[in-house]
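Be aware that the sequence shown starts at 19, since it is given in this note's numbering, and climbs by one per residue.
Note that beta-carbon positions come from the ideal geometry of N, C-alpha and C, so glycine has one too.
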Amino acid sequence: MIALKNFVLGLVLTAGLSLSAQESSDKQATPLLKKISPHVYSYVGITGASPAGNSFGANAGLIVGNDAVLVVDTLVSAHEAKRFLKDIRAVTDKPVKYVANTHYHLDHAWGNCVFAQNGALIIGHEKLRGNKKLEESASYAIAHPEIFGMTPKDTEGTKFIFPNICFSQRMSIDLGGVTVELSCLGPSHNDSSIIVYVPEDKTLFTGDAVFKGYHPFLAEGDLENWPKVIEALRKIPATAVIPGHGPLVKDSDFTDLIAYLKDFDVLAKELSKGKKAEDAPAIAEEMIKRLPAQNRTELPGLVEMNLRSKYLPPPQVKAQ
Ligand SMILES: [Zn+2]
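Okay, structure coming up:
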């Protein structure tokens, strides 16, 4: 059974993220697949993040070799993955043989089923292999899309498919004329996040280790090690860096994110001292005022969710 804490987090998502979706629906547009480098295309810099409309603004992309295509992340549902596949078919007719999940979160991996049905192998971190707890919570969440601000129609046909090829540190794939290097740099956004690098193109997909223009999701984050991972990312000689959410990243964005994570932790500890779960909205409002101004306008509901999941005690549930 899903833990009460996760269920409560879901309620917060409904309250926080679906509200932000409503607020931004007027500026929401269907994302366009952009050519990033000779072998790489990606959705990037999506604004007006919404759950079903654009997979919470998650970026997803593909690397095209002479023999095969590798897809990086698959969006939030079968419906969204079909849109992605249609866009892929507009740029290449090469077979999609592989999917790499930068991590298991819904907005990056719930579309796996569409690619698996089309014969792709799904690659991810070793910690996801046979993870029953994650499988249970993913199945529960897909059956209750309302907790993520979606409807049953939005997730129709969606089935969570875990990676069937796993690695713990690094893996390299030859797509024909272009190589893909997958690696895990240690815990950051969560403990099973990986990055995808294309050395021939000097193009890097960071997954949710980097958010730009978005408030990061911190519930499973390792705030101590995350800055070290960001420092390791900035040492990679990439000329195009695609974050998990937001536009292409430049070096100063790494500095900004490190500062945000540190300031968030200090402020959240200070403002949450002696407070209850019910105080979360007021603390979140204060946090947004005091966090470094970095144009993080997308998914402000995550600030409250991060407070509830990491800094405040769980709400008191009264027996009925
Ligand atoms: Zn994530």
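In the structure shown, the three-state DSSP call for Leu330 is coil.
Only exposed fits Ile306, as fewer than 16 other CB atoms lie within 10 angstroms of its CB. Annotated three-state conformation of Ile179 is coil, per DSSP. Here Phe185 carries a strand assignment [DSSP, helix/strand/coil]. Contact between the stretch 288 to 295 and the stretch 242 to 262 is absent: fewer than 3 CB-CB pairs across the two stretches fall below 8 Å. About 3 Å separates the beta carbon of Lys230 from that of Gly264, a gap short enough to meet the 8 Å contact definition.
By the Cβ-count criterion, Asp226 is buried, with 16 or more other Cβ atoms from all chains shown falling within 10 Å of its own Cβ.
Per DSSP, the beta-bridge partners of Glu316 are Tyr232.
Annotation: Gly167 to Ala70 spans about 8 Å, alpha carbon to alpha carbon. Within the same chain, Cβ atoms closer than 8 Å to the Cβ of Pro299 are found at Glu322, the five residues on either side in sequence being excluded. Taking each of Leu51, Leu50 and Ser55 in turn and checking the Cα distance to Thr257, the smallest one comes out for Ser55. Non-local C-beta neighbours of Met189 in its own chain, meaning closer than 6 Å and more than five positions away in sequence, comprise Leu200, ordered along the chain. Residue pairing by DSSP places Ser201 opposite Arg188 and Ile213 in a beta bridge.
Leu139 and Lys151 have their C-alpha atoms spaced approximately 22 Å apart. The nearest non-hydrogen atom of ligand 1 is 6 Å or more from the C-beta of Asp105. Closest in C-alpha terms to Leu88, from the list Ala99, Leu50, Val114 and Gly63, comes Val114.
The nearest non-hydrogen atom of ligand 1 is 6 Å or more from the C-beta of Asp91. Here Val117 really is in contact with Asn130; their C-beta atoms are around 6 Å apart, less than 8 Å. About 20 Å separates the beta carbons of Gly79 and Ile248, which is beyond the 8 Å limit, so they are not a contact pair.
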